[in-house]
Every structure is written in structure tokens, then in C-alpha cells.
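From first to last, the protein sequence lines stand for chains G and H. Per the numbering used here, the first sequence starts with residue 14, numbered consecutively. Per the numbering used here, the second sequence starts with residue 14, numbered consecutively. To start, the structure under review is shown below, and the notes come after it.
There are 2 protein chains.
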Amino acid sequence: MVSHAQGQPEQAAATAAAAYTRAHNAELTAGFEHLLALPNVAADPVGLRANAQYLVAALQQRGAQAQLLSIPGAPSVVYGEILTPGATHTIVFYAHYDGQPVTASEWATPPFQPTLETVNGEPRVFARSAGDDKAAIFAQLTALDALRAAGLKPRANLRFVWEGEEEAGSPHLEQILDAHRELIHGNIWMICDGPVDQSGRQTVVFGARGDTGLQITVYGPEHGLHSGHYGNWAPNPAMMLAQLLAGMEDADGHVLIPHFYDGIAPLSAMEKQAIADAPNNDAMLRQKFWLGRTDGDGKRLLELLNLPSLNINGMASAQVGARATNVVPSMATANLDMRLVVGEDWRAQQQKVIDFIQSRGYFVIDHEPTEAERTEHPRVAWVVRETNSYNAVRTPMDLPMAQEVIAAVRAARGEVVLLPTMGGSVPLGAMERAADTRTVTVPIANFDDNQHTANENLRLQNLWDGVGTMAALEMMP
Amino acid sequence: MVSHAQGQPEQAAATAAAAYTRAHNAELTAGFEHLLALPNVAADPVGLRANAQYLVAALQQRGAQAQLLSIPGAPSVVYGEILTPGATHTIVFYAHYDGQPVTASEWATPPFQPTLETVNGEPRVFARSAGDDKAAIFAQLTALDALRAAGLKPRANLRFVWEGEEEAGSPHLEQILDAHRELIHGNIWMICDGPVDQSGRQTVVFGARGDTGLQITVYGPEHGLHSGHYGNWAPNPAMMLAQLLAGMEDADGHVLIPHFYDGIAPLSAMEKQAIADAPNNDAMLRQKFWLGRTDGDGKRLLELLNLPSLNINGMASAQVGARATNVVPSMATANLDMRLVVGEDWRAQQQKVIDFIQSRGYFVIDHEPTEAERTEHPRVAWVVRETNSYNAVRTPMDLPMAQEVIAAVRAARGEVVLLPTMGGSVPLGAMERAADTRTVTVPIANFDDNQHTANENLRLQNLWDGVGTMAALEMMP
């Protein structure tokens with residue numbers, strides 16, 4: 014094996030990738046659109062299967078041993094392997110091919126008809142999963158093509174693990190990985206998901222927050238009642254829910270639920286320094302998002318991402334606007350999302366919220382309440398625990414393999430932003446347990462890609478940069 | 014003119030009505046269903062016009078001079094008159110032929126396909142406006158048929174004023190009535206709307222609460238943001254709305270908005286006595302509505318109906334349930350309904366709520382906020398004032414004409430419940446001003462008719478009893 018100065022082959026790979034994406038720009042754009050046109054929501058298992066089969070073929074076309082890793086009742090994991098004779102390391106690339114649910118009426122263009130549009134003078138493609146997370150898959154595939162076109166060969170064994178159930182909380186991922194431990198082990202797992210820094214600089218992230226949630230429904234009368242004849246006598250569940258939720262946070266977004274911030278593992282000096290060194294994009298983001306203020310007692314966004322969060326994803330009671338009628342509604346529902354940091358357990362975090370609800374006089378049950386339950390208890394809350402939940406994971410930045418990743422990304426992209434954790438969630442713990450490895454996250458999407466909402470998009474330059482980054486990582490020793 | 018003991022002709026009329034509805038039960042039920050099958054929502058002006066034309070014809074068939082009273086851009090008032098030679102009084106019967114909006118998916122049977130079902134062993138017809146308020150119109154028409162079949166002639170002049178815009182807040186009623194003051198004047202207006210007492214006993218009501226409302230929208234980021242990447246930094250509008258609404262009431266439903274209860278005209282001794290004498294149905298209602306508690310510091314429902322109210326009609330932010338996604342929503346909206354009692358003005362009551370919102374740090378505007386407004390102000394609330402609003406009205410129970418009404422209803426139905434006000438709202442003030450008269454309300458619907466919500470229905474026995482009540486009133490001196 015030829016020896017190289019650290020970063021030199023990775024830099025060559027990135028240069029080859031840049032030449033390749035310039036030369037094949039139109040055909041690559043069309044290829045990406047083709048992938049995005051495959052519907053990939055959890056409600057459509059047939060569509061998810063078509064995605065998986067397409068990706069197996071794409072891996073095989075690039076010389077990988079590819080297959081589906083399947084268990085009944087879950088979307089398959091797409092798996093591929095490229096063995097390198099004499100390799101001492103195995104690098105695993107994780108991404109996911111499923112997307113968040115879509116509410117088509119909220120989109121300017123149909124979510125599965127990829128549409129090119131110019132934003133701030135640059136082309137973007139609009140479609141579900143453009144940023145989250147088909148961009149990463151397409152970049153990994155294209156990086157293989159670029160290396161081959163330049164006559165470059167990987168130095169490590171490469172493995173690809175592309176999940177189909179990430180947006181549903183990865184309920185079966187650990188089970189599937191466990192059943193194929195020999196296939197999916199690696200010296201490092203590269204998690205290719207999420208957005209790069211808001212400044213546009215390439216990010217390397219060493220962990221992800223955990224995620225859990227609760228759905229809370231509270232009750233008024235058995236059916237909607239005339240607000241004139243019964244209002245302010247029959248309890249209003251929208252008001253009850255408002256009062257319950259209002260007590261969970263102060264006006265600055267600080268969570269008031271007892272023990273909510275207990276047990277948090279402190280950041281190391283290196284992690285604190287990385288945050289201090291990262292760009293401060295807060296003022297730009299406030300402007301971009303039309304925010305007249307932010308929560309968090311003046312803390313920076315990056316600091317807040319290293320704390321647990323509680324967020325109302327949605328709230329509903331009866332109808333609003335032109336469809337509103339003069340009723341005391343029968344029920345009111347809110348969905349809560351909670352992010353966790355290292356040191357917290359998602360079951361315990363759920364329980365803190367449930368304890369809080371009980372402390373407010375609610376009889377909390379795990380099923381839709383019966384007539385008897387509603388009549389016998391002054392306040393009833395049906396709480397559904399999100400079971401597809403997981404805890405936070407953080408890889409120390411000073412591990413040798415972590416340092417190799419930093420070197421490869423720097424070789425491809427120059428200055429990078431190092432972050433202890435991302436705000437979003439990836440089931441890193443399940444991966445680390447099953448693959449007996451550590452994880453480092455290298456995202457490629459633009460931060461303003463509208464992931465998880467309508468009009469998701471990818472800035473195409475992020476895709477081309479991402480191909481370079483992936484080529485460098487595929488060239489790691 | 015033959016002289017009668019007070020109540021005797023009214024009793025004869027009610028007896029004739031009972032015989033008539035027994036003899037023609039099936040054909041009357043079919044006729045009522047035919048009327049209910051005519052769609053009558055504000056969003057469908059063509060449907061409303063068909064209702065109005067049908068009702069003009071129905072009046073003409075019964076010997077009335079009938080016509081539409083119209084102004085551009087509003088549903089017509091259906092007007093009819095039956096003159097009685099030698100009459101010294103004119104009695105005006107008000108009802109409305111329009112219905113609340115429908116959300117068809119919430120109905121067990123289609124709202125405009127009237128369906129007979131047995132509830133508690135008795136037949137009911139399910140359709141929009143079955144109780145609110147076509148029952149009253151059909152009872153008034155059928156009472157005329159019953160009188161004619163028994164050879165009985167009215168003693169007063171009878172006038173019928175059936176509105177087509179009540180559920181939209183009667184925005185044009187006063188204007189239409191003002192343009193036809195000579196047609197619509199009467200010694201008393203009988204308001205035939207709303208439900209009878211929950212005990213099933215016939216009610217006579219001497220007023221109605223006023224009604225107004227507000228729509229409040231508060232703002233977070235310009236579009237939904239990923240809750241992991243931005244939650245607890247980007248303000249959550251659902252939480253903001255919850256905190257804003259939560260501060261408007263205490264846990265017992267007592268409104269905390271400053272001055273909300275100011276200026277209320279006290280009840281007279283006779284009115285207080287009437288409330289004390291009325292059935293206490295609270296325990297039965299709690300059971301029926303599956304309520305484990307009620308708001309109002311233990312006050313009776315009838316007492317609370319003589320206070321102003323604030324009710325959340327609906328509340329929404331992003332999506333809940335299976336459609337919930339992990340976002341910081343962009344906005345949150347609530348619709349509020351406020352009932353007023355005598356002594357309060359609806360514009361002032363709206364202003365109290367707006368002042369409260371401002372006191373919570375909101376920049377309150379009357380239009381959808383611009384980017385600049387959202388960026389410049391820490392908290393922005395778009396508040397839409399309900400302009401189709403009106404104040405409360407109460408007729409003294411001891412007026413001679415009020416006493417005549419009580420006597421007629423007692424002659425038809427025996428013991429009656431006398432109430433100073435109904436909880437619901439009818440634009441009585443507009444009627445009283447335009448017709449230079451006083452109003453007394455005689456409802457006929459069952460209290461559990463689901464008016465204003467899905468699965469509205471009428472207990473048919475209430476219809477037959479209502480025909481008797483209307484026949485007695487049509488026979489008043």
C-alpha cells in the first residue's frame with residue numbers, strides 16, 4: 014500500500030468529484046430529480062419499496078454487493094458493500110430514503126414532481142426529501158462514479174446502510190441491524206443527514222439529540238355544545254389545554270416542568286470551545302425567519318441545541334376561521350416533541366411531563382376515556398407516549414477516527430464547523446449498539462431546505478459540494 | 014267581538030292543534046323533512062333563496078299576503094301578513110330559515126338528508142336546522158292549518174318575519190326592517206328560536222344575551238421550522254397562543270380580563286325569583302354531557318347565563334395526530350365568542366380583550382402582518398373583530414303584553430318556566446328598534462338538539478307541542 018500524507022488522497026478525491034459534477038451537471042440534476050419523483054412517505058409502503066429497489070440497483074450498477082435487509086412489517090434497509098483488498102478500516106455510510114408526511118395542499122409545487130427554481134440567484138430543486146435525506150444518498154452514489162471516472166480506488170472497505178423508516182422514528186432499525194451485525198459493523202459510521210451550518214460552511218457533528226413525544230387530549234362535553242347556552246358552565250377543553258400547556262414554559266421558552274433539565278452531561282472543554290468558535294448566525298436567522306425575538310433568555314441557538322427542548326408540534330380544537338362555529342368544543346389535542354441531550358432518558362422525560370399533567374389535577378390515562386371516566390373525574394387527559402423514541406448520543410471529538418474524519422472533510426472543503434451535537438435527531442444509539450462503533454455526522458443540505466415541512470428543497474450547489482465531501486470520505490484510509 | 018275568559022280561546026287553539034298533528038302525523042313529518050332537505054348555509058346563497066321562495070309560497074297557500082323583503086347582497090327576509098277585521102293588536106312571529114355552517118364529515122348522516130332515528134325511545138329527525146330554527150317556522154305554518162281545520166279564526170293581526178341571515182349575525186336585518194317599518198311593527202314580537210328548558214318544560218324567555226367575537230392569530234417563524242434544529246429558540250406560536258388564552262380565565266372559568274364584568278345591569282326581584290323557581294337541571298346535564306365538573310365557582314347554569322361569557326370556539330396551529338410533524342409552527346389561531354348581558358356594549362367588550370392582549374406585550378394589528386411588522390415586534394397579534402355583533406336585550410316580565418303571552422303559553426302547555434334571558438343570542442335590539450316594539454321569546458326545540466354542531470336534530474314531540482304553543486299564540490287577543 015502506497016503511503017500518503019494525511020488528507021492528500023482525500024483532496025484528490027474531492028478535486029475529481031468537482032470535475033465530475035461540472036462535466037455531468039445536467040445529467041446528474043436529472044438523475045437526482047428521478048430519485049425525488051419516487052414517493053417515499055410512511056403511509057405508502059409500496060412507494061417506499063420502489064425506492065428501495067431502485068437504490069439496490071443503483072448500488073449494483075456501481076459494483077457494490079447490494080441487498081435489502083428486511084423484517085416483516087417494516088420498510089427494508091438498503092445495504093451495499095464495496096470491499097477493498099488490504100483495507101484495514103471499514104467505513105459505513107448511513108442515510109435514509111424515506112421522507113416526512115406531506116400535506117400536498119400546503120406545497121407551491123407537488124411534493125413528488127421535482128421542480129427547479131431559482132432562489133437568491135441559485136438553482137434549487139423543490140421536492141419532498143430533496144434535503145432530508147435523498148441528497149446524501151445521491152451524493153454518495155455520485156462520489157463513487159466520480160472516483161471511478163478519475164481512476165481513484167477507495168482505501169477502506171465501504172458500506173452503505175440506507176434506512177426507510179427514519180422519519181417514523183426508526184422503530185425497527187435496531188432490530189434489522191442486530192440481525193445483520195456482521196454486515197453492518199465498521200470502524201466508524203458516517204451519518205449523512207441534516208443541514209450544514211447556516212453560514213453555508215461545511216459542518217461535522219459529533220452527536221445528535223434524542224427525541225421523544227407525547228400526544229395530549231383533554232375533554233369538555235361529550236359533543237360540541239352551543240356556546241351561548243352552555244359556555245362558561247361546561248368546561249372548555251381548548252381553554253383547559255391552553256392553561257395546561259401554558260404552565261409548561263415561561264414567556265422566554267424556559268421549560269418549567271419539574272426536573273426537566275436534570276441529569277444533563279456537561280460539555281467538555283473541547284466541545285465548549287467548538288461552540289465558541291462556530292459562526293454566530295443568530296441575527297441572520299432572526300431576519301430570515303421574520304422573528305421579532307427569540308426564546309432562551311438571550312442564549313445563542315448553538316447553546317440551546319445542547320439543552321433539552323419541548324415543542325408544540327400542533328394544537329387543535331374544533332374549527333377556526335370561516336369554519337368556526339359558536340360551540341364549546343368536545344376535546345382539544347396537542348402533539349409535543351421533546352429533544353434530549355446526553356444524560357437524559359426518553360422514558361423519564363415523558364414521565365416528567367405526565368407527572369406535571371397529573372400535578373395540574375388531571376386523571377391521566379393511556380386510552381380514549383369512557384363516559385364513566387369522563388364523568389367521574391374533573392379533568393381527564395389521554396396521553397399517548399411516542400414509543401419510537403431514543404436517547405442522545407455524543408462521540409468525543411478527540412477519538413483518532415473522529416480526527417481522521419475531520420481531516421478528510423477539511424481536505425475536501427477547507428474550514429469546517431465542528432459541533433458537539435446537532436439539534437435534530439438521528440437514532441445514533443441504535444446504530445452504535447448494533448454496529449459496535451461510533452458515529453460522526455456529516456450533513457450536506459442547506460439549512461433553509463424546509464425539511465419536515467412544505468416546499469422542501471435542496472440548493473444544488475450543496476449537492477455538488479456534498480459529492481466532493483462524500484468522495485473524500487470514501488477515500489479515507 | 015265575543016268576550017272570552019283569559020286563555021280560553023288559546024286553550025281551544027292548542028287542543029285543535031293537538032288533534033290536527035295526531036291526525037296528520039305522517040304527512041306533517043314528511044313536510045318537515047322536505048323543508049329540512051333545502052340546504053340553507055350562508056356559503057350557498059342559491060340554496061338560501063330556494064328556502065325563501067318555498068316559504069313565501071307556503072304562507073300564500075295559507076291565505077297570507079306574502080313577499081320577500083330584500084336588499085342587495087343579503088338573503089331576503091320572508092314576510093307574511095294575515096289581517097283580522099276588528100283586531101286591536103298585531104302579533105309578529107320571528108324565526109330564521111338559515112342554518113349554521115356544516116362540516117359534513119362530522120355528521121353521522123348527511124346534514125341535508127333528513128333522517129328519522131329513535132333516541133331514548135322517541136323519534137327524532139336529524140338534519141341541519143331541525144332545531145335551529147326551521148322547527149319554529151314549520152310549527153307556525155302548521156298551527157295556521159290546525160286553526161283553519163278547526164274553524165278557529167285569529168283574534169289579532171298576525172305577521173311573520175323569517176330571517177335568512179341569523180346564523181351569520183344578522184348583519185342586514187336592521188337595515189331590511191328599517192326599510193319596511195310599516196309592515197313589521199307589532200304590539201309584541203314573538204321570537205321563536207332556541208331550545209326549551211332542559212327539563213322538557215315549555216319556556217318563555219324575556220331576553221337574549223348579546224354576542225360578539227374576535228379571531229386572534231399570533232406568529233412564530235415565517236414558515237414551519239424543524240423543531241430539532243430551531244425549537245426553544247424560534248418562538249412557538251402555539252405556546253404563545255396557549256399562554257395568551259390561559260391568562261384570560263382562571264381554572265374555574267372566571268374571566269380575568271380587566272373590567273370584563275363591569276356595568277352589568279342587575280336583575281329585578283321578579284327576575285331573580287323566576288330563576289329561583291326554574292328547574293335545576295344541572296346534575297342531569299352534567300351526566301348527559303359527561304362532565305366531571307363545571308366552571309363558575311359552583312354557580313347554577315341559569316345564574317351564569319345572566320353573566321357575560323368568553324368561549325374559545327376553536328383553536329389551531331399546524332397539524333395534530335397522524336399528520337403532526339416535528340415543526341415549530343408558523344402561526345396559531347383561536348376564535349373567541351363572547352356573550353353579553355344588559356349594560357354592556359359589544360364594541361367595548363371587544364376592546365377589553367384587545368387591551369388585555371396588548372397588556373401581554375403584543376403589537377395588535379387589524380391585518381395580516383407584513384415581514385417588517387413581524388420582524389420589528391417581539392409579539393404580533395392579528396385580531397379580527399366580529400362586526401356582526403349586537404347587545405343584550407331584556408323585556409320586563411310585568412309588561413301587560415308579556416303577561417298576555419305567559420297566559421297564552423300556560424293555556425296551551427300548563428306550567429311554564431320563565432327566564433329573564435336565554436344564554437344564546439338573537440338580534441332582539443335590532444328588532445325592537447325597527448319595529449318599535451318589545452320581544453318575548455318562545456322556543457320549541459329540545460335542549461339536546463345539537464344546534465350549531467354536527468348531528469343537529471329535533472325530537473318530533475317538541476314539534477307537535479310547538480304547533481300547540483304556536484296555535485295558542487296565533488289565537489292571542
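Virtual Cβ for every residue (Gly too), placed ideally from N, Cα, C. Computed from a prediction, not measured in an experiment: that's the story for all the values here.
Contact set between residue 352/G and chain H, taken where Cβ atoms lie within less than 7 Å: 241, 244
Partner residues on chain G for residue 391/H, Cβ-Cβ distance less than 7 Å: 305, 306
Contact set between the segment 436 to 452 of chain H and chain G, restricted to residues whose Cβ is under 8 Å from the partner: 436, 437, 438
Does the distance between the C-beta of residue 476/H and the nearest non-hydrogen atom of the ligand ADP fall short of 7 Å? In the structure shown, the ligand ADP is absent, as is every other ligand, since no ligand is present at all.
Under a three-way DSSP split, which group does residue 478/H fall into? helix
If you draw a straight line from the C-alpha of residue 263/G to the C-alpha of residue 186/G, how long is it? 37 Å
Against chain H, with Cβ distances strictly below 8 Å, would residue 161/G count as a contact? no
Spatial neighbours of residue 486/G in its chain, beta-carbon cut-off 6 Å, leaving aside the 5 residues before and after: 203, 421
I want to verify the contact list: residues of chain G whose CB lies under 7 Å from the CB of residue 309/H, in sequence order. 245, 246
DSSP-derived helix/strand/coil call for residue 134/H: coil
Leaving out five residues on either side along the sequence, give the residues of the same chain with a beta carbon under 7 Å from the beta carbon of residue 30/G. 156, 159, 480, 481, 484
What span of residues does the alpha helix (DSSP H) with residue 335/H cover, start to end? No alpha helix (DSSP H) holds residue 335/H; DSSP gives it neither H nor E.
Assign residue 15/G to one of two classes, buried (16 or more other C-beta atoms within 10 Å of its C-beta) or exposed (fewer than that). Low local confidence applies: a pLDDT of 37 at residue 15/G is under 50, so the model's placement there is unreliable, and no value is given.
How many Å lie between residue 274/H and residue 363/H at the Cα? 13 Å
Environment of residue 297/G [buried if 16+ CB atoms lie within 10 Å]: exposed
Cβ closer than 8 Å: which chain H residues qualify as neighbours of residue 491/G? Absent from the model: residue 491/G. The displayed extent of chain G is 14 to 490, so no value can be given.
Neighbouring residues, chain H, relative to residue 10/G (Cβ below 7 Å): In the structure displayed, chain G extends from 14 to 490; residue 10/G sits before or after that span and is not available.
Using 8 Å as the threshold, is the segment 103 to 119 of chain H in touch with the segment 31 to 43 of chain H, meaning 3 or more CB pairs across them? no
Strictly below 8 Å CB to CB, what residues from chain G border residue 213/H? Going along chain G, no residue has its Cβ under 8 Å from residue 213/H, so there is no contact; the nearest lies around 15 Å.
Taking only the alpha-carbon atoms, compute the straight-line gap between residue 304/G and residue 376/G and give it to the nearest angstrom. 37 Å
Would you say the segment 203 to 212 of chain G touches the segment 138 to 152 of chain G, given that touching needs at least three Cβ pairs under 8 Å? yes
Have a look at 366/H, 235/H, 403/H, 319/H and flag the residue whose alpha-carbon is nearest the alpha-carbon of residue 359/H. 403/H
When the Cα of residue 76/H is compared with those of 315/H, 93/H, 319/H, which residue comes out closest? 93/H
Would you check if the segment 174 to 181 of chain G and the segment 393 to 400 of chain G touch, i.e. whether three or more CB-CB distances between them fall below 8 Å? no
Could you list the residues in the segment 338 to 362 of chain G with a C-beta less than 7 Å from some C-beta on chain H, going in chain order? 338, 339, 340, 341, 342, 345, 346, 347, 348, 350, 352
Could you compute how far the alpha carbon of residue 426/G sits from the alpha carbon of residue 337/G? 53 Å
Please list, in chain order, the chain G residues whose beta carbon lies closer than 9 Å to that of residue 469/H. Here the premise fails: no neighbours, minimum Cβ distance about 10 Å.
Please state the DSSP three-state secondary structure of residue 245/H. coil
Enumerated in chain order, which unbroken segments of the beta strand (DSSP E) with a length of 3 residues or greater are wholly contained in the segment 435 to 463 of chain G? 452 to 454
Over the uninterrupted beta strand (DSSP E) stretch that includes residue 215/H, give me the two end residues. From DSSP, residue 215/H is part of no beta strand (DSSP E); its letter is neither H nor E.
In its own chain, which residues sit with a C-beta less than 6 Å from the C-beta of residue 183/H, not counting the 5 before and 5 after it? 440
From which residue to which residue does the alpha helix (DSSP H) around residue 420/H run? 413 to 426
Using CA coordinates, which residue listed in 451/G, 335/G, 322/G, 277/G is at the minimum distance from residue 349/H? 335/G
Provide the residue(s) that pair with residue 359/G in DSSP beta bridges, ordered along the chain. In the DSSP output, where bridge partners are listed per residue, residue 359/G has none listed.
Exposed unless 16 or more other CB atoms sit within 10 angstroms - verdict on residue 381/G: exposed
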